[in-house]
Amino acid sequence: MGAVGRFPTRREVYVSRLQAEHLYKVFGRRSDEAVRRLEGGATRDELRADGATAAVIDASFTVDPGQIFVVMGLSGSGKSTLLRMLNGLLEPTAGRVLFDGRDLTALNRRELRSVRSRRISMVFPHFALFPHRSVSENAAYGLEVQGVDRAERAERAREALALAGLAGWEDSWPDELSGGMQQRVGLARALATDADLLLMDESFSALDPLIRRDMQDQLLELQKTLKKTIVFITHDLNEAMRLGDRIAVMRDGRIVQQGTAEDILVTPANDYVASFTQDVDRTRVLTAGAIMADPETAYGTRTDGGAELRSAGEVLAAAPAVVTADTPIAELFTPCSRSGVAVAVTCERGELIGVVPRARLLAVLGEPMKPERAPEPDGADGPGGPDGADGPDGSDGPDGPDGVADRAGTAASGAVAHA
Ligand SMILES: Nc1ncnc2c1ncn2[C@@H]1O[C@H](COP(=O)(O)OP(=O)(O)O)[C@@H](O)[C@H]1O
Ligand SMILES: [Mg+2]
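Numbering (this note's numbering), first residue to last: 57 to 475.
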C-alpha cells in the first residue's frame, strides 16, 4: 500500500455533493397529468391501468461528498431509472438533480455532455477488459478517454492498481490474471478516472459470491483513499449494508426509507422493510455506537466486587472491554459474559462516549426496537412484530434475492463498520 498517500492530494478539490429533489419519471401517456395524480397519492397500479408506468415517484435525497449511497430494492422498483436521471441520461418528468448545487436538468446539451463525460462515471455490471491491452493500459482506459497524457495515465494506473492489490501486474495481459483479479482491474479503471461521482448499477450482482465479497472489500478499500461520491444500486440487502454509508430502500417506485444500515435494521419504517431485514445477522451489522446508552446510565451501578461506579474514569477502569463506536456488537458478547459491568465505548481521544450494558446487548438481538429518537407522528404502533407475518401483502414481499441466499457470506464480514 505504498502509494496510498498520493491520490488525495490530487483529488481533494473535486469531491461533489449530489441532490435529488422530488424526482419523478413516468413512462407512457400523459406523464405530466400522471405526476399530478401521484402527488395526490395515486399508486403505480392505478396509473398502469391508464397506460402510464410510474418508474420513479417523488425521490428526494442528498449524497454527501465522499459517501456511498446505496439504493436497494427488488427488480422493477425503479432503481435503474433513478440512476439514469442522476447523470442526465433520462430527463425527469418532474423534479431536479443538483450536482454541486447546479441543476443538471437545466443544463444545455453541451454543458450536460461535458459534466457527464468528465465529472460523472457510470459503471456497468461487467468489468470487461480489453484483451489486447496490458493490465496497466486497461486500468488507464478511463483516463485515456478523458484525454490525460500518457505519462500521467501510467502513473495513476500504477497507483490505482496498487490500491487494488495488483502491484507488479502492470505489464501482464488480462488472460494471465484470474477472474477475480480481472474484476479488480476493472474496478481500478472505474475509480482511477477524474470523475468524482460514480454511478454503479448492480456492478457486482453477476459475480460469484467469493469474488463479489472481494470486490466489495476492494471498493471500500479504494474508497478510503479516493473518496468518490458514489451511488451504488443493488437488490441485495447484505451488500447494501456492507457498502452503504446511507441506504435508500425503494418499493414500487418510491423510496420507503432512507438511513444508515443501523436505522433500517433497528427502526424499519414499515413491515415491508422489516420483512427484508429479518434474516440479517444483526451482530455483524449493528455497532457499539448504534446501541450504546449515555455514560451516566452506568453511574450508580457496581463492579463485580461491589464498588459503586461514580465517574467516567471509574466506568472505564471497571469495564470488561473498552471499544470504539464502530465495533460490531458481535465482539461485545465475550466481555459481557465475563462481567456485569457495562462495556465502555470511547471516542478517538479515549473519552467515554457511551456504555453498553449486558441487558441492552441482549435486547437488540430481538427484532426491531420501537423507535426512540423519532416517535411515529401518527402514534402508530411502530414497526411490525417479530414474526412479520402480517406484511403488507403476501404477493411481492422480498422474494429472497441473493440477499437471503448468500447471507452466510456477510455474516463473516465485520461489515458496516463505517470506516
Ligand atoms: N424505457 C422504459 N419504458 C417504459 N417502462 C420502463 C422503461 N424503463 C423502465 N421501465 C419500467 O419502469 C419500472 C422500473 O424499472 P427499472 O428502473 O429498470 O427498475 P429496477 O432497476 O429497480 O429493476 C419497471 O416497471 C420497468 O418496466
Ligand atoms: Mg435495474
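Note that the Cβ used here is the ideal one computed from N, Cα and C, for glycine as well.
How is the alpha helix (DSSP H) around residue i delimited, first residue to last?
i           : result
residue 95  : 87-95
residue 151 : Where residue 151 is concerned, there is no enclosing alpha helix (DSSP H), although the beta strand (DSSP E) it sits in stretches over 150-155.
residue 192 : 191-195
Consider the C-beta atom of residue i and the heavy atoms of ligand 1; say whether any pair is separated by less than 8 Å.
i           : result
residue 410 : no
residue 112 : yes
From residue i to residue j, what distance separates their C-alpha atoms?
i           : j           : result
residue 153 : residue 360 : 57 Å
residue 446 : residue 202 : Its pLDDT being 34, under 50, residue 446 is placed unreliably in this model, and the coordinates cannot settle the point.
residue 144 : residue 385 : 41 Å
residue 428 : residue 338 : Because residue 428 sits at a pLDDT of 44, beneath the cut-off of 50, its placement in the model cannot be relied upon, and the following sentence gives the value as read from the coordinates. So the alpha carbons of these two residues sit roughly 18 Å apart.
residue 400 : residue 346 : 13 Å
residue 183 : residue 230 : 12 Å
residue 381 : residue 156 : 31 Å
residue 476 : residue 189 : It is not possible to answer for residue 476, since the shown part of the chain is limited to 57 through 475.
residue 132 : residue 141 : 16 Å
residue 270 : residue 177 : 22 Å
residue 409 : residue 351 : 6 Å
residue 72  : residue 210 : 25 Å
residue 76  : residue 290 : 19 Å
residue 322 : residue 353 : 21 Å
residue 236 : residue 247 : 17 Å
Any heavy atom of ligand 2 within a distance shorter than 8 Å of the CB on residue i?
i           : result
residue 227 : no
residue 32  : In this structure the chain extends from 57 to 475, so residue 32 is not present and cannot be described.
residue 308 : no
residue 273 : no
residue 258 : yes
Nearest chain C C-beta to residue i closer than 9 Å, yes or no?
i           : result
residue 235 : Looking for chain C here will not work: only one protein chain is present.
Which first and last residues belong to the beta strand (DSSP E) in which residue i is found?
i           : result
residue 77  : 74-84
residue 116 : 108-119
residue 177 : 176-179
residue 222 : From DSSP, residue 222 is part of no beta strand (DSSP E); its letter is neither H nor E.
residue 335 : Unbroken run through residue 335: none, as it is neither H nor E.
residue 204 : Where residue 204 is concerned, there is no enclosing beta strand (DSSP E), given that its DSSP letter is neither H nor E.
residue 345 : First-last for residue 345: 344-347, but that is the alpha helix (DSSP H), not the beta strand (DSSP E).
residue 129 : 124-129
Would the C-beta of residue i count as close to ligand 4, meaning under 8 Å from any of its heavy atoms?
i           : result
residue 310 : Ligand 4 is absent from the structure shown, which contains only ligand 1 and ligand 2.
Can you check the stretch 368-412 for any beta strand (DSSP E) of at least 3 residues that lies completely inside it and give the ranges in chain order? 378-380, 399-402, 408-412
Give the residues whose C-beta lies closer than 6 Å to at least one heavy atom of ligand 1, in chain order. 83, 109, 111, 129, 131, 132, 133, 134, 135, 136, 137
Report the residue ranges of all alpha helix (DSSP H) runs contained in full by the stretch 266-333; include only those spanning at least 4 residues, in chain order. 293-299, 317-322, 327-333
Hey, which unbroken runs of the beta strand (DSSP E) at 3 residues or more fall wholly within the stretch 229-272? 253-257
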